[in-house]
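Chains as they are written, first to last, in the numbering used here: chain A, 290 to 858; chain B, 290 to 858. Note that beta-carbon positions come from the ideal geometry of N, C-alpha and C, so glycine has one too. Because the structure is a prediction, the values reported are computed rather than measured.
Number of protein chains: 2
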Amino acid sequence: MASLEKYLNTTEKCKSLFESEIRRLKTPVCRVFLKGGKITPVDFKVSGLSVKSKNAAKVKEKFPHLVTANGDKILMAVAKKSKDKIKNKRVAVLFSGGPAAGGHNVVAGVFDMLGEDNTLLGVKSGPKGLIKGDLFEVKSEDIKRIKNTGGFDYLGSDRTKIKTPEQFEAVKKTCRDNKLDAIVVIGGDDSNTNAAFLAEYLSEHIKEDGSGVQVIGVPKTIDGDLQIGKHLPISFGFDTATKIYAEMVGNILQDTPSSKKYWHFIKLMGRAASHVALEVALQTKPAITLISEEIAKKNMSLEDIIEDISKVVIARAKKGKNYGVVVVPEGVIEFIPEMTKMLQELNKTVAENESELENKCLAEKRDILSSVMGAENMKLFSSLPEYIQEMMLFDRDAHGNLQVSQIPTERLLIDMVKHHIKKAAPEVKFATLNHFFGYEGRCGVPSLFDAAYTYNLGLAVGAILLSGKTGYIASFTDLEKGGKILAVPLTALLNVEIRHGKEELVIEKALVELDSPAFKYFAKNRERWAEEDLFNSPGPRQLWGPASKQMPVTVALNQGYSGLEINIG
Amino acid sequence: MASLEKYLNTTEKCKSLFESEIRRLKTPVCRVFLKGGKITPVDFKVSGLSVKSKNAAKVKEKFPHLVTANGDKILMAVAKKSKDKIKNKRVAVLFSGGPAAGGHNVVAGVFDMLGEDNTLLGVKSGPKGLIKGDLFEVKSEDIKRIKNTGGFDYLGSDRTKIKTPEQFEAVKKTCRDNKLDAIVVIGGDDSNTNAAFLAEYLSEHIKEDGSGVQVIGVPKTIDGDLQIGKHLPISFGFDTATKIYAEMVGNILQDTPSSKKYWHFIKLMGRAASHVALEVALQTKPAITLISEEIAKKNMSLEDIIEDISKVVIARAKKGKNYGVVVVPEGVIEFIPEMTKMLQELNKTVAENESELENKCLAEKRDILSSVMGAENMKLFSSLPEYIQEMMLFDRDAHGNLQVSQIPTERLLIDMVKHHIKKAAPEVKFATLNHFFGYEGRCGVPSLFDAAYTYNLGLAVGAILLSGKTGYIASFTDLEKGGKILAVPLTALLNVEIRHGKEELVIEKALVELDSPAFKYFAKNRERWAEEDLFNSPGPRQLWGPASKQMPVTVALNQGYSGLEINIG
Numbered sequence: 290m291a292s293l294e295k296y297l298n299t300t301e302k303c304k305s306l307f308e309s310e311i312r313r314l315k316t317p318v319c320r321v322f323l324k325g326g327k328i329t330p331v332d333f334k335v336s337g338l339s340v341k342s343k344n345a346a347k348v349k350e351k352f353p354h355l356v357t358a359n360g361d362k363i364l365m366a367v368a369k370k371s372k373d374k375i376k377n378k379r380v381a382v383l384f385s386g387g388p389a390a391g392g393h394n395v396v397a398g399v400f401d402m403l404g405e406d407n408t409l410l411g412v413k414s415g416p417k418g419l420i421k422g423d424l425f426e427v428k429s430e431d432i433k434r435i436k437n438t439g440g441f442d443y444l445g446s447d448r449t450k451i452k453t454p455e456q457f458e459a460v461k462k463t464c465r466d467n468k469l470d471a472i473v474v475i476g477g478d479d480s481n482t483n484a485a486f487l488a489e490y491l492s493e494h495i496k497e498d499g500s501g502v503q504v505i506g507v508p509k510t511i512d513g514d515l516q517i518g519k520h521l522p523i524s525f526g527f528d529t530a531t532k533i534y535a536e537m538v539g540n541i542l543q544d545t546p547s548s549k550k551y552w553h554f555i556k557l558m559g560r561a562a563s564h565v566a567l568e569v570a571l572q573t574k575p576a577i578t579l580i581s582e583e584i585a586k587k588n589m590s591l592e593d594i595i596e597d598i599s600k601v602v603i604a605r606a607k608k609g610k611n612y613g614v615v616v617v618p619e620g621v622i623e624f625i626p627e628m629t630k631m632l633q634e635l636n637k638t639v640a641e642n643e644s645e646l647e648n649k650c651l652a653e654k655r656d657i658l659s660s661v662m663g664a665e666n667m668k669l670f671s672s673l674p675e676y677i678q679e680m681m682l683f684d685r686d687a688h689g690n691l692q693v694s695q696i697p698t699e700r701l702l703i704d705m706v707k708h709h710i711k712k713a714a715p716e717v718k719f720a721t722l723n724h725f726f727g728y729e730g731r732c733g734v735p736s737l738f739d740a741a742y743t744y745n746l747g748l749a750v751g752a753i754l755l756s757g758k759t760g761y762i763a764s765f766t767d768l769e770k771g772g773k774i775l776a777v778p779l780t781a782l783l784n785v786e787i788r789h790g791k792e793e794l795v796i797e798k799a800l801v802e803l804d805s806p807a808f809k810y811f812a813k814n815r816e817r818w819a820e821e822d823l824f825n826s827p828g829p830r831q832l833w834g835p836a837s838k839q840m841p842v843t844v845a846l847n848q849g850y851s852g853l854e855i856n857i858g
Numbered sequence: 290m291a292s293l294e295k296y297l298n299t300t301e302k303c304k305s306l307f308e309s310e311i312r313r314l315k316t317p318v319c320r321v322f323l324k325g326g327k328i329t330p331v332d333f334k335v336s337g338l339s340v341k342s343k344n345a346a347k348v349k350e351k352f353p354h355l356v357t358a359n360g361d362k363i364l365m366a367v368a369k370k371s372k373d374k375i376k377n378k379r380v381a382v383l384f385s386g387g388p389a390a391g392g393h394n395v396v397a398g399v400f401d402m403l404g405e406d407n408t409l410l411g412v413k414s415g416p417k418g419l420i421k422g423d424l425f426e427v428k429s430e431d432i433k434r435i436k437n438t439g440g441f442d443y444l445g446s447d448r449t450k451i452k453t454p455e456q457f458e459a460v461k462k463t464c465r466d467n468k469l470d471a472i473v474v475i476g477g478d479d480s481n482t483n484a485a486f487l488a489e490y491l492s493e494h495i496k497e498d499g500s501g502v503q504v505i506g507v508p509k510t511i512d513g514d515l516q517i518g519k520h521l522p523i524s525f526g527f528d529t530a531t532k533i534y535a536e537m538v539g540n541i542l543q544d545t546p547s548s549k550k551y552w553h554f555i556k557l558m559g560r561a562a563s564h565v566a567l568e569v570a571l572q573t574k575p576a577i578t579l580i581s582e583e584i585a586k587k588n589m590s591l592e593d594i595i596e597d598i599s600k601v602v603i604a605r606a607k608k609g610k611n612y613g614v615v616v617v618p619e620g621v622i623e624f625i626p627e628m629t630k631m632l633q634e635l636n637k638t639v640a641e642n643e644s645e646l647e648n649k650c651l652a653e654k655r656d657i658l659s660s661v662m663g664a665e666n667m668k669l670f671s672s673l674p675e676y677i678q679e680m681m682l683f684d685r686d687a688h689g690n691l692q693v694s695q696i697p698t699e700r701l702l703i704d705m706v707k708h709h710i711k712k713a714a715p716e717v718k719f720a721t722l723n724h725f726f727g728y729e730g731r732c733g734v735p736s737l738f739d740a741a742y743t744y745n746l747g748l749a750v751g752a753i754l755l756s757g758k759t760g761y762i763a764s765f766t767d768l769e770k771g772g773k774i775l776a777v778p779l780t781a782l783l784n785v786e787i788r789h790g791k792e793e794l795v796i797e798k799a800l801v802e803l804d805s806p807a808f809k810y811f812a813k814n815r816e817r818w819a820e821e822d823l824f825n826s827p828g829p830r831q832l833w834g835p836a837s838k839q840m841p842v843t844v845a846l847n848q849g850y851s852g853l854e855i856n857i858g
């Protein structure tokens, strides 16, 4: 036991058996990067593929350098012709936004592609660190330590947006102080929008020779809402997060016919898009899954949703199945059209009647509101459970705005379904439990898919930089047929969106399309899943063995692949 | 994609790639069961080990047959001498209580050991099904389908206790109707207590030839509170549940230095004992882990606990670490001595002043209480957050009792630590999130440890039955040295406990011992874990590959093993 205690002490600081083995795990490398078994730079040539902004003229106006240089053509990695070696490049890499599994492997991929002749610098604490100039040199020991591990802790991250002229100026200073040739931004839609602006701003007169600093983006977000059809199958971190959630949902599904006791309402992280909920649904096949985009598109009311859920609960009860699972996307409330309408009027009314409403109890507040608000909105508000009404009236941020994300959607649904069933079918037993899976999905060790995907994205970024390009986002496609490395022009992804009342050029969040193969497959099968116990319990993600190579089901369907296994290299 | 859709349809009903592969996974078999590579019955001989009840006389009085037959001697499996084959035995197997990973493998083990010459019957819905006589024949196709899978859904389970004479009589009828020779009870401490009573009751005059029906118990519970020192290392399901929780806690730990934003308070299932919290702590090394048994033993007050947590939060903040993880066992509230005392008086006071308290608001209720209750208890009550006070006064069950399990301990701690820090160190930023991991740990696919442990327990049960014994619980020890199969007399585990004011003979729950190697290792190291980020993120449990064979750390420490890897067969 003394020897066991000694061993246990050596496992501290991420050196458990699993964590040690994971670092030794070989991730497959796309063949284009291999020459004689060694990682090697590539050329980027025009692929014949392109992507177009809906607001090309506006984009050209704001991004004269990038649009002239890159246009809307997607580049493709091909074997390198010349034997010239690029040397002495100094590249900085940073994480932006919430963590996602595989970030460390992007860093490892860039490092390995740059090789010994160039230098990789890590930016501490994300964009904030880039502004402050908080950089350090990445060493090969670090890469060994972080390879295949979860988290963003090697560099840290933050959510600063580089927007003001002073911030841009500060970044320029950081580039000059550190003699940077390039910056790699690992982030979501907003961060890659930022990367596009940065690429344009830094495109010339930065370095001593008058040239610019290259900027390349990497698609990260567990929400999966940064994807570009066939040109970018998915953002990294999505696979790991959904595999973690799918295991948990699957475990609970497996529990339901064992215990025959509860309906579990499970909220999953992801405020804007329902990709996570859809993926988990396809992996686990629960009785009910709400898809926010469908609710918005079909203009469903809250009552419609409650009725739909109740119908399934009652139908299953008739078959003796007083149990089941309902998967709820975190942001669903904001996709119910009547709800957004009501909240808008509520916000306005509360702001305009602040003094009158002060220090009143709920019933009194409701009286005041109903004398001002429209009947329909008031009816919806009054139909909500009282603690939700209270939250909507009392829990407001410093600007007086309701924190919609604070509303416990899963409990709201439970209470309203309970209420509905009590009236519609009082004989039905309906015991419930609720869960929220979120933070546990961001920093898990990457799945084999994410580990390979991110390492190859990192290699791609390194290669794009060595080829001298700027203003691209790296992509990795054809994942069932060896893999293809692409560089997609960031500016071609920008479209006009109204934010805070102002026109802005941004990368739009990719939402679940109701005509996508993944959603259509879900829609075609969900009624059977609601009626019978056809669920899966897909288990913990495997890093070794026969079940390790699975990719996200939504990706395989939407990319038109013939199977679920990755085949890279 | 058509072919992908077709494939996806074939994965319904637990036939995903992972679930299909898991069924094919070979679990190691203890050598004593193998003859020429085939599973074969064994003899059970006296091992030299024994276990003694503290109330032997009382036990003998209640269990004359069993005590005479089995005494307190632990039996050990050895190679079978004779070549006689036992035939035509009819054995019934049931699950009792909440699900735990590996239950299906116990059934598979019993089935494989009984072989083709005997019949295994499954009892539907636990003890309730035994009373009703709801049995069906287990077929080899079923075993192929359930092997290595999670959940108790193959048989179902329930929490009925067989207590009344009518219930015992009904079980006797079931035995006769189904011509049973034996019953296997897979359950926790209470279910195995029940198995002892059943074994005594059924020990003679049940079958036509005047002989009895054998009853054998199997130690199940994710809480890990059914263990007997070196004679029974752990109940099954504990390893899988703690590995699932440890992955989640590890993922969140990995998130903390990535985001540098939150203290996460994580409640883990397990109301009576803190084995789960201790095991997860040893696997993940968070800043703070509460152990209920220590709190009780050291007579710590709620304020002591709040102060201890706050100290760590403040000390870490000074090092720039405004983040961390606190692991909280579900039942901790009931282990705080002053809390139990206060709740006792509160329950009494509320019951005695029911009419006076009715329809009063919280402040008024508090006034009434403070005129009746002792000052110390009242002070503690008033120190709690108001919503907790309200819960304690308003949320009572049909008998007027407080549902202690309903108290959101993790939120209570957060609020009180927040309050404390605001006074003690107002400059410290303390943002929090809370989690509860419970149900997702009960029905996951068994870890390799649990899969092997339960399959061998099942083989052991089958072999004990074939050897003609009754009134034993199956055990599997020496897990790092090939494994040893034991049969422990159930009656020797019974001790007197006061339940509902009455003396009862029960198997006591095994709590965390403060002088156990596992707790001592934790206590020796936790201060360092609180100061620095020394955590592990032990990852998802692996069923294949180099990291698949790990056993629980508490088991390895308490059994005095030299490493963490199982070595069976």
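Residue burial classification, residue i (beta-carbon count within 10 angstroms, cutoff 16)
{"i": "K315/B", "result": "exposed"}
{"i": "C732/B", "result": "buried"}
{"i": "S480/A", "result": "buried"}
{"i": "N847/A", "result": "buried"}
{"i": "H494/A", "result": "exposed"}
{"i": "G387/A", "result": "buried"}
{"i": "S371/A", "result": "exposed"}
{"i": "N723/A", "result": "buried"}
{"i": "S644/B", "result": "exposed"}
As assigned by DSSP and simplified to three states, the class of residue i
{"i": "S764/B", "result": "strand"}
{"i": "K600/A", "result": "helix"}
{"i": "K417/B", "result": "helix"}
Which listed residue (the options) has its alpha carbon closest to that of residue i
{"i": "L591/A", "options": "L444/A, D332/A, H709/A, V734/A", "result": "H709/A"}
{"i": "V795/A", "options": "N825/A, E308/A, A485/A, G727/A", "result": "A485/A"}
{"i": "W833/B", "options": "F738/B, E641/B, D767/B", "result": "F738/B"}
{"i": "K327/B", "options": "G404/B, L557/B, I541/B", "result": "G404/B"}
{"i": "A752/B", "options": "N407/B, V427/B, Y490/B", "result": "N407/B"}
{"i": "L673/B", "options": "I657/B, L651/B, V661/B, N690/B", "result": "L651/B"}
{"i": "V639/A", "options": "S660/A, E619/A, F624/A, V621/A", "result": "S660/A"}
{"i": "T482/A", "options": "E797/A, N856/A, R685/A", "result": "E797/A"}
Residue i at chain E interface by Cβ criterion, 8 Å
{"i": "D804/B", "result": "The structure shown has no chain E; the protein chains it does contain are A and B."}
Interface positions of the stretch 532-549 of chain A facing chain B (Cβ-Cβ less than 9 Å), listed along the chain | K532, I533, E536, M537, V538, G539, N540, I541, L542, Q543, D544, T545, P546, S547, S548, K549
For the stretch 485-498 of chain A, which residues have a beta carbon sitting closer than 9 Å to at least one beta carbon of chain B?
-> none
At least three beta-carbon pairs within less than 8 Å, the stretch 453-473 of chain B to the stretch 502-509 of chain B = yes
Using a beta-carbon distance cut-off of less than 8 Å, what residues from the stretch 305-326 of chain B approach chain A?
-> S305, L306, F307, E308, E310, I311
Looking at chain A, which residues of the stretch 812-826 of chain B have a Cβ within less than 9 Å of any of its Cβ atoms?
-> K813, N814, R817, W818, E821, D822, L823, F824, N825, S826
Mind checking the stretch 725-759 of chain A against chain B and listing, in chain order, the residues whose C-beta falls within less than 7 Å of any C-beta there?
-> Y728, E729, R731, C732, G733, V734
Does the stretch 621-632 of chain B come close enough to the stretch 583-590 of chain B that 3 or more CB-CB pairs lie under 8 Å?
-> yes
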